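Student:
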Amino acid sequence: MDKIVALCKRRGFIFPSSEIYGGIGGFWDYGPLGVELKRNVREAWWQDMVLRHDDTTPPPGMPSAYAMVGIETSIIMHPQVWKASGHYDLFHDMLVDCRHCKARFRADQLASSQCPEKPSKRPGEHTTCDLTPPREFNLMFKTYVGALVDPESEAYLRPETAQGMFVNFRNVLATARVKLPFGIAQIGKSFRNEITPRYFTYRSREFEQMEIEFFCRPEESRAWYEYWRDRRLRWYVSLGLRSDRVRLREHSPEELSHYSCGTADIEYAFPFLPEGEFGELEGIAHRGDFDLRSHMEGKLVRQGGELVVERGPDGKPVHPGSGKDLTYFDEETGERIVPHVIEPSAGVDRSVLAFLCEAYDEDVIPDEKGVPQPRVVLRLHPRLAPVKAAVLPLIRKEGMPEVALELYRELKRSWNVDYDDKGSIGRRYRRQDECGTPYCFTVDGQTLSDGTVTVRDRDTTRQERIRMVDVPGFLRERLGG
Ligand code: ATP
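30 is the number of the first residue of the sequence shown in the numbering used here; add one for each residue after it.
1. Whole angstroms are fine: how far does the CA of Y256 sit from the CA of P501?
2. Using CA coordinates, which residue listed in D378, W57, M325, D31 is at the minimum distance from L66?
3. Rounded to whole angstroms, what is the Cα-Cα separation between D273 and E296?
4. As a quick exercise: from P108, C464, C37, W253, pick the residue whose alpha carbon is nearest that of T172.
5. Hey, how far is the Cα of D392 from the Cα of E326?
6. Do T161 and D126 have their C-beta atoms within less than 8 Å of each other?
7. Cβ of A141 within 7 Å of any heavy atom in ligand 1?
8. Please work out which residues of its chain come closer than 8 Å, Cβ to Cβ, to A419, disregarding the five sequence neighbours upstream and downstream, and give them in chain order.
9. Just to confirm the assignment, what range does the beta strand (DSSP E) spanning E255 have?
10. Using beta-carbon positions only, say whether V370 and R322 come within less than 8 Å of one another.
11. Under 7 Å: does the beta carbon of G312 sit that close to some heavy atom of ligand 1?
12. Can you name the residues that DSSP bridges to G513?
13. Do R135 and D159 have their C-beta atoms within less than 8 Å of each other?
14. If I follow the unbroken alpha helix (DSSP H) through T476, where does it start and stop?
15. Closest by CA to L208, which one among T356, F166, H324?
16. Please give the ranges of any alpha helix (DSSP H) in the region 365 to 405, keeping only runs that are unbroken, at least 4 residues long and fully inside the region.
17. Buried or exposed: which applies to T85, given that a residue is buried once 16 or more other Cβ atoms fall within 10 Å of its Cβ?
18. With respect to 7 Å, is the separation between the Cβ of E387 and the closest non-hydrogen atom of ligand 1 below this value?
19. Just mark F358 as buried or exposed, buried being the case when its beta carbon has 16 or more other beta carbons within 10 Å.
20. Rounded to whole angstroms, what is the Cα-Cα separation between E183 and L168?
21. M429 lies in the alpha helix (DSSP H); which residues open and close that run?
22. Which partner residues of S219 appear in the DSSP bridge assignment?
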């Protein structure tokens, strides 16, 4: 992992936020290559899930064409959203504070935490340790809207994008002319005041999510849950997570949230985790009618197997919903139903990290003189690679830079490509290998006489000659359109 973090810094993928001031825990900045990689992950998700969503086979007996629409909702929402959804009351971690050193620990991670006092020991093991009993701590960042800092103007930075889809359910129904089943998708920032941000970008306080709320008939929901669970796993595999480090894990009944009748996690064995342990990349949850009902009726709790509105001693809902009708009218059957929801919820940053970890490789290749040299290579899927190709003049004279620049400018119109004329050709190749660039086109002496260039493949390091006029077609074919 240290090598991957070092590569991210050296090549400009990821930096600590506000680094010149010493950084700030749980916040990260994406550099020039990182921002392209992240854009490509988002773009691949949007293309595959939203725009080309019905390229797949639906569950047997289900409609083959269903609508999928995008949305972009605000980060700060009406505070009642988080009360009705349950986040205000339930989105907590249990924390233990040390009254002596002021450090905070997650109660469930006490055994694996370190007390900041020297020599390093676990919390509670120093004679000076003075731990509180576990106490609740809300993970939502609080802020104030408007000029007054009072309880009336309290608001929260969203801890997930999902609620934006539920509160816009009516708007989408009314404007997008969608029929069940259909999905609403969103990519955007979320914020959680994580107690122990760690493992590089894996657990951050500001991160990005790619979420889908897929609305369907209750009786079809199990089939759609399985469809999304399997489809989401295939998506990661199609983009290169092929090793035995990725897996799908169904939650046991005890692990399920109180409203869920099925949840699976897609997990990756990140290299910072202890051997044999996996970390969540994405959760796919069957959420029943919990969310739409919460926003109609008010915060729900489970009572004797039933979801009911939580009421205070006066009989009124503790956290009322909007009171608006979020049902769906089925024109064919004349019924009004509350659709069930399947929610595939993925993290952009965790996906980027998993793709980087999977792509990182070290091997030995011969240099120009045939001497074996170790190299670091990022074997990123071409769709994800930040730079798709590099154009390199072999030497900086004899007209080669001019020809190379012409090719570079042409390719630049369609792809993110790099031009590099500094240093030996071997070093330039190895630099591109570290950036994950799939192809390098080199303009050499022969180019000037016969119009061909060499193309070098990042993974095999093999080179072939192709005509310069064929380069765009070659790239289009290899990069998939
Ligand atoms: P964890 O158990 O790791 O805290 P979670 O179950 O709380 O995750 P969800 O609420 O299901 O996570 O959020 C959906 C996705 O959002 C996660 O699968 C993950 O990819 C991403 N995510 C959640 N919390 C963070 C975070 N603190 N930093 C980066 N990504 C996150």
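Cβ coordinates follow ideal geometry from the N, Cα and C atoms, glycine included. All of these numbers come straight from a predicted model, not from anything done at the bench.
Tutor: Quick look at the numbers:
1. For the purposes of this step, residue 501 is taken as residue 472 along the sequence shown, with counting starting at 1. For the purposes of this step, residue 256 is taken as residue 227 along the sequence shown, with counting starting at 1. So the alpha carbons of these two residues sit roughly 37 Å apart.
2. Residue 66 sits at position 37 when you count from the first residue of the sequence shown. Nearest C-alpha to L66: D378.
3. Counting from one through the sequence shown, the residue named residue 273 turns up at place 244. Counting from one through the sequence shown, the residue named residue 296 turns up at place 267. Cα to Cα, D273 sits roughly 11 Å from E296.
4. By 1-based counting over the sequence shown, the position of residue 172 is 143. That would be P108, whose Cα lies nearest to the Cα of T172.
5. Residue mapping note: residue 392 aligns to position 363 of the sequence shown, counting from 1. Residue mapping note: residue 326 aligns to position 297 of the sequence shown, counting from 1. Going from the Cα of D392 to the Cα of E326 covers about 59 Å.
6. Your numbering for residue 161 matches position 132 in the sequence shown. Your numbering for residue 126 matches position 97 in the sequence shown. In this structure, D126 lies closer than 8 Å to T161 by Cβ.
7. Numbered from its first residue, the sequence shown carries residue 141 at position 112. For the sequence presented, residue 141 should be read as Ser rather than Ala. Because no heavy atom of ligand 1 lies under 7 Å away, the Cβ of S141 does not count as near it: no.
8. Taking the sequence shown and counting its residues from 1, one reaches residue 419 at position 390. Hits under 8 Å: V446, D447, Y448, D449, R457, Q461, T466, Y468, C469, F470.
9. Stepping through the sequence shown from its first residue, residue 255 is reached at position 226. Segment 250 to 267 is the alpha helix (DSSP H) holding E255; no beta strand (DSSP E) there.
10. As a position in the sequence shown, residue 370 is number 341, starting the count at 1. As a position in the sequence shown, residue 322 is number 293, starting the count at 1. Result no, Cβ atoms of V370 and R322 do not sit closer than 8 Å.
11. Your numbering for residue 312 matches position 283 in the sequence shown. Checking every heavy atom of ligand 1 against the Cβ of G312, one is found closer than 7 Å.
12. This structure gives no information on residue 513, because the portion of the chain shown stretches from 30 to 510.
13. As a first step, residue 135 must be located in the sequence shown, where it is residue number 106. As a first step, residue 159 must be located in the sequence shown, where it is residue number 130. No, the pair does not count as a contact, with Cβ atoms beyond the cut-off.
14. Numbered from its first residue, the sequence shown carries residue 476 at position 447. Run containing T476: 474 to 479, per the alpha helix (DSSP H) assignment.
15. What you label residue 208 is simply residue 179 of the sequence shown in a count that begins at 1. Just to set this straight, residue 208 is Lys in the shown sequence, not Leu. The residue with the shortest Cα to Cα distance from K208 is T356.
16. 377 to 388
17. Counted from its first residue, the sequence shown places residue 85 at position 56. With fewer than 16 Cβ atoms within 10 Å of its Cβ, T85 is classed as exposed.
18. Within the sequence shown, residue 387 is the residue found at index 358, counting from 1. No, since every heavy atom of ligand 1 falls outside the 7 Å radius drawn around the Cβ of E387.
19. Numbered from its first residue, the sequence shown carries residue 358 at position 329. Exposed, since its Cβ has fewer than 16 Cβ neighbours within 10 Å.
20. In the sequence shown, the residue the question calls residue 183 occupies position 154. In the sequence shown, the residue the question calls residue 168 occupies position 139. When rounded, the distance between both Cα atoms is 15 Å.
21. Mapped onto the sequence shown, residue 429 falls at position 400. 429 to 441 is the extent of the alpha helix (DSSP H) around M429.
22. For this step, residue 219 is matched to residue 190 along the sequence shown. Paired residue(s): F236.
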